[in-house]
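Novice:
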Amino acid sequence: MAESNYFYITTPIYYVNDKPHIGHAYTTILADVLARFHREKGDETFFLTGVDEHGQKVQQAAERAGIDPQTHCNKMVVYFKKAWEKLEITNDFFIRTTDDFHEKVVQQVLQDLYDKGKIYEHEYGGYYCVGCERFYTTKELVDGKCPQHLKEPEYIKEKNYFFRMSKYQDWLIEYIKTHPEFIQPKSRKNEVLGFLKNKLGDLCISRPKLRLKWGIELPFDSNYVTYVWFDALLNYITAIGYKQEEERFNKWWPANYHLIGKDIVTTHCVYWPTMMRAIGIPMPKTIFAHGWWMVDETKMSKSLKNIVKPLDLIDSYGVDPVRYFLIRDMTLGQDSNFSEDIFIKRYNSELANDFGNLVSRIVTLIRKNFNSVVPKILINGKEELKIIDNAKTFPEKVHNLIDNLHLNDAVETIIIFIRSINKYMELRQPWHLVKQNKQEAGTVLYTAAEGLRIAASLLHPIMPGKISTLLKAFPTADNRKNSFEWGTLKSGEKLSELPILFPRIIKKIEVVKEVQNKGEELISIDYFSKVKLITAKVLAAERVPKTDKLLKLSIDTGEEKRQIVAGIAQYYNPEVLIGKMVIIVTNLQPVKIHGVESQGMLLTAEKGENLTLLTTFDDLGPGSYIS
Ligand code: MSP
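The sequence shown begins at 376 in my numbering and counts up one residue at a time.
#1: Distance check for Ile-551 and Ile-762, CA to CA, integer angstroms please.
#2: Do the CB positions of Asn-449 and Glu-419 come within less than 7 Å of each other?
#3: Below 7 Å between beta carbons: does that hold for Gly-708 and Pro-560?
#4: Consult DSSP for Asp-443 and reduce its assignment to one of helix, strand or coil.
#5: Going by alpha carbons, who is nearest to Ala-410 out of Lys-432, Thr-987, Pro-878, Pro-839?
#6: Are the Cβ atoms of Glu-533 and Pro-583 separated by less than 7 Å?
#7: Could you pull out every unbroken alpha helix (DSSP H) segment of at least 4 residues lying fully inside the region 598–673, listed in chain order?
#8: Between Ala-607 and ligand 1, is the CB less than 6 Å from at least one heavy atom?
#9: When the distance is taken between beta carbons, is Val-426 closer than 7 Å to Ile-388?
#10: Out of Ile-654, Asp-994, Leu-634, which has the shortest C-alpha to C-alpha gap to Val-480?
#11: Within the region 920–973, note down every full beta strand (DSSP E) run reaching 3 residues or more, in order along the chain.
#12: In the DSSP output, which residue or residues are listed as bridge partners for Gly-425?
#13: Per DSSP, Leu-462 forms a beta bridge with which residues?
#14: Please report the straight-line C-alpha distance between Phe-859 and Lys-841, rounded to a whole angstrom.
#15: Between the alpha carbons of Thr-642 and Tyr-611, how many angstroms are there, rounded?
#16: Just to confirm, is the Cβ distance from Leu-634 to Thr-402 under 7 Å?
#17: Any chance the CB of Ile-717 is under 6 Å from a heavy atom of ligand 1?
#18: In its own chain, which residues sit with a C-beta less than 8 Å from the C-beta of Tyr-969, not counting the 5 before and 5 after it?
#19: Output yes or no for whether 7 Å exceeds the beta carbon distance between Leu-833 and Val-749.
#20: Whether or not the region 779–790 and the region 815–826 are in contact is what I'm after, with contact meaning three or more pairs of Cβ atoms, one per stretch, closer than 8 Å; do they touch?
#21: Count the other CB atoms, across all protein chains shown, that sit within 10 Å of the CB of Cys-725; report buried if there are 16 or more and exposed otherwise.
#22: Can you check whether the CB of Asn-631 is closer than 7 Å to the CB of Ile-959?
#23: What are the start and end residues of the alpha helix (DSSP H) that includes Asn-783?
#24: Taking the beta strand (DSSP E) that His-497 falls in, what are its first and last residues?
#25: Just to confirm, are Glu-825 and Leu-864 a CB contact at a threshold of 7 Å?
#26: Return yes when the Cβ of Gln-964 is within less than 7 Å of the Cβ of Gln-938, no when it is not.
#27: Between the C-alpha atoms of Leu-405 and Ile-702, what's the straight-line distance to the nearest angstrom?
#28: Can you tell me whether Trp-667 sits near ligand 1, meaning its C-beta is under 6 Å from at least one heavy atom of the ligand?
#29: Hey, quick one: how far does the beta strand (DSSP E) through Tyr-511 stretch, first residue to last?
#30: Which one or two residues does DSSP pair with Lys-534 in a beta bridge?
#31: Can you confirm whether the region 476–496 touches the region 593–601 when touching is taken to mean that 3 or more C-beta pairs between the two stretches lie within less than 8 Å?
#32: Can you have a look at Arg-439 and say buried or exposed, based on whether 16 or more other CB atoms are within 10 angstroms of its CB?
#33: Between Thr-402 and ligand 1, is there a pair consisting of the residue's CB and a ligand heavy atom that are separated by less than 6 Å?
#34: Buried or exposed, going by whether 16 or more other CB atoms sit within 10 Å of the CB of Ile-875?
#35: Which residues bound the alpha helix (DSSP H) around Ala-766?
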């Protein structure tokens, strides 16, 4: 992260030959989350995104549509702007490579480099892939085909202009090696260093107008336009005033992050640094390449018809859950699989359950028992102090994770804290406590509410809409809604009404049809009555050592004491189970699990990643028969 208080972040500029999909949305949301995070921290921030309008693909798409390229671009750019608006993207500028100022500066850079002899003319023959809009060397081809498009490239011979990229090879290797933060993650840095083991050629930066008209004309030869990448990469500096307003440029440059997908590593980590070196500007701090969103383990592509459109998802589930899911589910640098099922599971278990239920519980209890007035915190018991201590330290941990781009771990840390508040509520049971000691119940509710407010504030850059609604309902000192400081929530003032933030998503399943399709086996009542079910009371509970999932319970069946081993440690802390009524199968053969004997089985209900223990409506004491 930058030491200065300026933070400049960019996304790639997207080709307008296509409508935006979830992959484009991902990079843009990621940049938005980081930009919002830095703004909230007080850094002056500039967030740039935009579109790449020149090049063969766009020219061809316009031809297919029977319109001129500029009209095509004007039409397509709307899809991107609308999508970003709907996704609540807070970019400070949206660049189009057909913007006048951009075209002018690209021409000035070309002229400068030409005048300095860094661009030269040469007759050239090479393998050209239309999809990539670049020449390939024979070494780079795989079985004679382009490695990206798996198509044989065309062999083209023509006069062209070249940028002396080869001159910078040794410098670039040295720079990458001595600046470990420059290319991230490390795997991508190693990939680039591997690429640089081969001799680096010069870069062909022109296209004859005979072949491609839709580009920026070379200022020194009107028969040519410039290569689309030479034009596109310069957007990162033209947008902040390069060769227009020196002061503005110096304020933002060098960028803190260029965020890119792993498909455009070579252009960003080899072409762009050598171009910057030739121009004479410093390198950006970090170029970060994330992995791909895949669908059914394959990359999304138009031809496979497996493209996930962000707007369809938003229409079904809302903006905030979509942003949350994308940030939560991708380990930066690796590929991630997208499916609606995974999305729904994540939503239900973390947003509806862990987070949403905690919010409703706290708000309802304060409304019912304290007339919606935030209670005072008076007694600091052991359990309260644990929550307070964590609430004071974990925001810094989250900030560090975000600074190092471990966003999924940052969200996980927040969710773990929210779960700890849920457990605390289970343990302290303010709904019972309020009948015996109202002040103590108030302390519990204040502690839970303030912990929740701090956790929610940390989620604000990811889910700005829902979290703002939540924070608005919480009265705070000096209106510091998203301060991470413990004690900002103001006692004695009213909580406002809150809608349900994350209603559970229930997928319609045609149960009858399913049973018919599966041809499920039906059993007789006699068969079922062989299973003996009774109620039992938990007397003691502890974790089975060296296991993550197992708890050992001592239970009272009404007639005897028994020991049961149950795989519920991830869902229940042992102490919350003591005194609870459970339902067990009594006539199972005893088994040993991890060396511990289990004399029966607990009944649970499971859905997705959630699990709950079964109990009875009224308490008839242990040993009641279930039929
Ligand atoms: N126009 C160039 C970039 C020029 S930047 C100076 C380009 N455009 S693109 O429209 O093809 O966008 C590529 C970017 O979109 C990727 O680098 C990545 O950020 C994003 N994604 C496209 N598909 C993706 C996935 N399936 N998954 C994640 N992100 C991907 O290349």
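Positions of the beta carbon are idealized from the N, C-alpha and C atoms, including for glycine.
Source: prediction; values computed, not measured.
Specialist: On the basis of the data shown:
#1: 44 Å
#2: no
#3: Note that the C-beta distance between Gly-708 and Pro-560 is below 7 Å.
#4: coil
#5: Looking at the Cα atoms, Pro-839 is the closest of the given residues.
#6: Yes. Within cutoff.
#7: Counting only runs of at least 4 residues, the region 598–673 fully encloses the following alpha helix (DSSP H) elements, listed from N- to C-terminal order: 603–608, 610–613, 621–627, 647–654.
#8: yes
#9: For the 7 Å CB-CB criterion, Ile-388 and Val-426 form a contact.
#10: Ile-654
#11: 926–931, 936–941, 956–960, 966–968, 971–973
#12: Ile-388, Ile-470
#13: Partner(s): none; Leu-462 has no beta bridge.
#14: So the alpha carbons of these two residues sit roughly 18 Å apart.
#15: 13 Å
#16: yes
#17: no
#18: A small correction: the amino acid at residue 969 is His; Tyr does not occupy that position in the sequence shown. Val-919, Lys-921, Thr-922, Leu-925, Val-940, listed in sequence order.
#19: no
#20: no
#21: First, the residue type needs correcting, since residue 725 is Glu and not Cys in the sequence shown. Taking every protein chain shown into account, the CB of Glu-725 has 16 or more other CB atoms within 10 angstroms, so this residue is buried.
#22: no
#23: 782–803
#24: Where His-497 is concerned, the enclosing beta strand (DSSP E) starts and stops at 494–504.
#25: yes
#26: Contact flag unset, no.
#27: Separation of Leu-405 and Ile-702 (C-alpha to C-alpha, rounded to the nearest whole angstrom) is 7 Å.
#28: Yes, ligand 1 has a heavy atom inside 6 Å of this Cβ.
#29: 509–511
#30: Glu-498
#31: With the cut-off at 8 Å, the region 593–601 and the region 476–496 touch.
#32: exposed
#33: yes
#34: With fewer than 16 other beta carbons inside 10 angstroms of its own, Ile-875 counts as exposed.
#35: 757–778
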